[in-house]
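Colleague: Residue numbers for the sequence shown follow my numbering, beginning at 1260 and rising by one.
We put the CB at the ideal spot given by N, CA and C, even for glycine.
Owing to the predicted nature of the structure, the values given are computational and were not obtained by experimental measurement.
Handing you this structure, nothing more for now.
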Amino acid sequence: MINCLIVDDEPVALNLLESYVRKTGFLNLKKACKNAFEVIDFLHSDPKVDILFLDIQMPELTGIDLSKTLPENIWIVFTTAFEQYALEGYKVNAVDYLLKPFNYSEFLNAVTKARDLIYKMEKTAEEESKPLVSKELSLFVKSDYKHVRVFLNEILYFEGMKDYVKIYLTDKVLPIITLISLKRLEEELPANMFMRVHRSFIVNLQMIQEVERHQIIFGSQRITIAPQYREKFDQFLEGNSF
């Protein structure tokens, strides 16, 4: 269900909007408001509103003025009897603009557009909230005429050697050598997990145990953080330090 508010200072228009909302199965009417101040008071107590059907021409505080004070997560559909407000309505990022008198078909078209935007934003937020790195996240590399599966969370670092790359793993003494460029690897790897710190090295940020004098220490291996990469690495280090 999509939660909505309606606001209009004209009782007839408010009643019509309410009837349209109630006959639309995916809308849940939270409140019918007679002015902008009722909207402000309601949102203080219950901010979980997705769509606001907002009349523009209202006394004291117009719909345009009210819209500029609202949270960005509330989608606005303007309603007005004055066509000249359409352009101004779009300037404040309205989903749609309904010119009175509008019928249910026009209303449904506007609210469907808003619903699609809401669902799209929710899906994007859901995808972004998923962890980028998991046990299943891996890549296949060709080595010695075989394709070897390497899990990203088992990689310590990559070392570039011209057209080849050595992949150092947590559970192997010897690296895996594969024909690929370090540049291509840098483009493909998740940036929140791997960082290039040298012309010849990409490290797994989650595997770093020690950093000393601009050197990352992996056992007996010391990887120098080159000057051109230090600012970015220092930002990572500062953001993960106490």
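Mind checking if Val1271 is an interface residue toward chain C, Cβ cutoff 8 angstroms exclusive?
Modeller: The structure shown contains no chain C; it holds only a single protein chain.
Colleague: Confirm, please, whether the CB-CB distance from Arg1458 to Ile1485 is below 8 angstroms.
Modeller: For the purposes of this step, residue 1485 is taken as the residue at position 226 of the sequence shown. For the purposes of this step, residue 1458 is taken as the residue at position 199 of the sequence shown. It should be noted that the sequence gives Ala, not Ile, for residue 1485. Yes, the pair counts as a contact, with Cβ atoms nearer than the cut-off.
Colleague: Gly1348 to Tyr1416, Cα distance in whole Å?
Modeller: Along the sequence shown, read from residue 1 onward, the residue named residue 1348 stands at position 89. Along the sequence shown, read from residue 1 onward, the residue named residue 1416 stands at position 157. Any reading at Gly1348 needs caution, since the residue's pLDDT is 49, under 50, leaving its predicted position unreliable; the model's value is listed next. Answer to the nearest angstrom: the Cα atoms are 53 angstroms apart.
Colleague: Could you name the residues that DSSP lists as bridge partners for Leu1398?
Modeller: As a first step, residue 1398 must be located in the sequence shown, where it is residue number 139. Looking at the DSSP assignment, Leu1398 forms a beta bridge with Val1409.
Colleague: In whole angstroms, give me the CA-to-CA distance for Ile1261 and Val1308.
Modeller: Translated into the one-based positions of the sequence shown, residue 1261 becomes position 2. Translated into the one-based positions of the sequence shown, residue 1308 becomes position 49. Going from the Cα of Ile1261 to the Cα of Val1308 covers about 8 angstroms.
Colleague: Who pairs with Ile1323 in a beta bridge, going by DSSP?
Modeller: Here the question's residue 1323 lines up with position 64 in the sequence shown. Its beta-bridge partners do not exist; DSSP assigns none.
Colleague: Reducing DSSP to helix, strand and coil, say where Met1454 ends up.
Modeller: Translated into the one-based positions of the sequence shown, residue 1454 becomes position 195. Three-state DSSP puts Met1454 in a strand.
Colleague: Does the count of Cβ pairs from the stretch 1289-1298 and the stretch 1314-1322 closer than 8 angstroms reach three?
Modeller: The answer is yes - the stretch 1314-1322 touches the stretch 1289-1298, with three or more Cβ pairs under 8 angstroms.
Colleague: From Gly1419, Met1454, Arg1455 and Asn1451, pick the residue whose C-alpha is nearest to that of Ile1439; which is it?
Modeller: Taking the first residue of the sequence shown as 1, we reach residue 1439 at position 180. Per the Cα distances, Gly1419.
Colleague: Which two residues bound the contiguous alpha helix (DSSP H) that contains Ala1340?
Modeller: As a working mapping, residue 1340 is identified with position 81 in the sequence shown. Note, Ala1340: premise wrong, no alpha helix (DSSP H); not H, not E.
Colleague: Hey, how far is the Cα of Leu1325 from the Cα of Ile1299?
Modeller: The sequence position of residue 1325 within the sequence shown is 66, counting from 1. The sequence position of residue 1299 within the sequence shown is 40, counting from 1. Using only the alpha carbons, I get a separation of about 8 angstroms.
Colleague: Would you give the residue range spanned by the beta strand (DSSP E) that Asn1463 belongs to?
Modeller: Position 204 of the sequence shown, counting from 1, holds the residue named residue 1463. Asn1463 -> beta strand (DSSP E) spans Phe1460 to Asn1463.
Colleague: Classify Phe1501 as helix, strand or coil using the three-state DSSP reduction.
Modeller: Along the sequence shown, one-based indexing puts residue 1501 at 242. Reduced to three states, the DSSP call for Phe1501 is coil.
Colleague: Look at the alpha carbon of Val1280 and the alpha carbon of Lys1289, and state the distance between them as a whole number of angstroms.
Modeller: For this step, residue 1280 is matched to residue 21 along the sequence shown. For this step, residue 1289 is matched to residue 30 along the sequence shown. Cα to Cα, Val1280 sits roughly 10 angstroms from Lys1289.
Colleague: DSSP has Asn1425 in a bridge; who is on the other side?
Modeller: One-based indexing of the sequence shown puts residue 1425 at position 166. A small fix is needed here, since residue 1425 is Lys in this sequence, not Asn. In the DSSP output, where bridge partners are listed per residue, Lys1425 has Glu1418 and Ile1436.
Colleague: By how many angstroms is the C-alpha of Cys1263 removed from the C-alpha of Asn1287?
Modeller: Taking the sequence shown and counting its residues from 1, the one referred to as residue 1287 is at position 28. Taking the sequence shown and counting its residues from 1, the one referred to as residue 1263 is at position 4. About 6 angstroms.
Colleague: Can you check DSSP and say which residues form a bridge with Asp1314?
Modeller: Your numbering for residue 1314 matches position 55 in the sequence shown. Beta-bridge pairing links Asp1314 to Thr1338.
Colleague: Nearest-angstrom Cα distance between Ala1353 and Phe1341?
Modeller: The count along the sequence shown starts at 1 and reaches residue 1353 at position 94. The count along the sequence shown starts at 1 and reaches residue 1341 at position 82. Straight-line Cα distance between these residues: approximately 16 angstroms.
Colleague: If you draw a straight line from the alpha carbon of Ser1364 to that of Phe1337, how long is it in whole angstroms?
Modeller: Within the sequence shown, numbered from 1, the residue matching residue 1364 stands at position 105. Within the sequence shown, numbered from 1, the residue matching residue 1337 stands at position 78. The straight-line gap from Cα to Cα measures roughly 16 angstroms.
Colleague: Tell me where the beta strand (DSSP E) around Tyr1356 begins and ends.
Modeller: As a working mapping, residue 1356 is identified with position 97 in the sequence shown. Asp1355 to Leu1358 is the extent of the beta strand (DSSP E) around Tyr1356.
Colleague: Rounded to whole angstroms, what's the CA-CA distance from Ile1461 to Val1400? Just pull it up for me.
Modeller: For the purposes of this step, residue 1461 is identified with residue 202 of the sequence shown, where counting begins at 1. For the purposes of this step, residue 1400 is identified with residue 141 of the sequence shown, where counting begins at 1. Whole-angstrom Cα-Cα distance: 16 angstroms.
Colleague: Compute the Euclidean distance between the alpha carbons of Ser1393 and Met1466, then round it to the nearest angstrom.
Modeller: By 1-based counting over the sequence shown, the position of residue 1393 is 134. By 1-based counting over the sequence shown, the position of residue 1466 is 207. With a pLDDT of only 43 at Ser1393, under the threshold of 50, the placement of this residue in the model should not be trusted, and no figure is reported.
Colleague: Based on Cα-Cα distance, which residue from Tyr1356, Ile1377, Tyr1378 and Asp1422 lies nearest to Ala1369?
Modeller: Along the sequence shown, read from residue 1 onward, the residue named residue 1369 stands at position 110. When each option's Cα is compared against that of Ala1369, the closest is Tyr1356.
Colleague: With three or more C-beta pairs closer than 8 angstroms as the rule, is the stretch 1371-1386 touching the stretch 1421-1433?
Modeller: No: the two stretches stay apart, fewer than three of their Cβ pairs being nearer than 8 angstroms.
Colleague: If you draw a straight line from the C-alpha of Lys1282 to the C-alpha of Gln1494, how long is it?
Modeller: Along the sequence shown, read from residue 1 onward, the residue named residue 1282 stands at position 23. Along the sequence shown, read from residue 1 onward, the residue named residue 1494 stands at position 235. When rounded, the distance between both Cα atoms is 53 angstroms.
Colleague: Would Val1266 and Leu1311 be called neighbours here (beta carbons separated by less than 8 angstroms)?
Modeller: Position 7 of the sequence shown, counted from the first residue, corresponds to residue 1266. Position 52 of the sequence shown, counted from the first residue, corresponds to residue 1311. Yes. Within cutoff.
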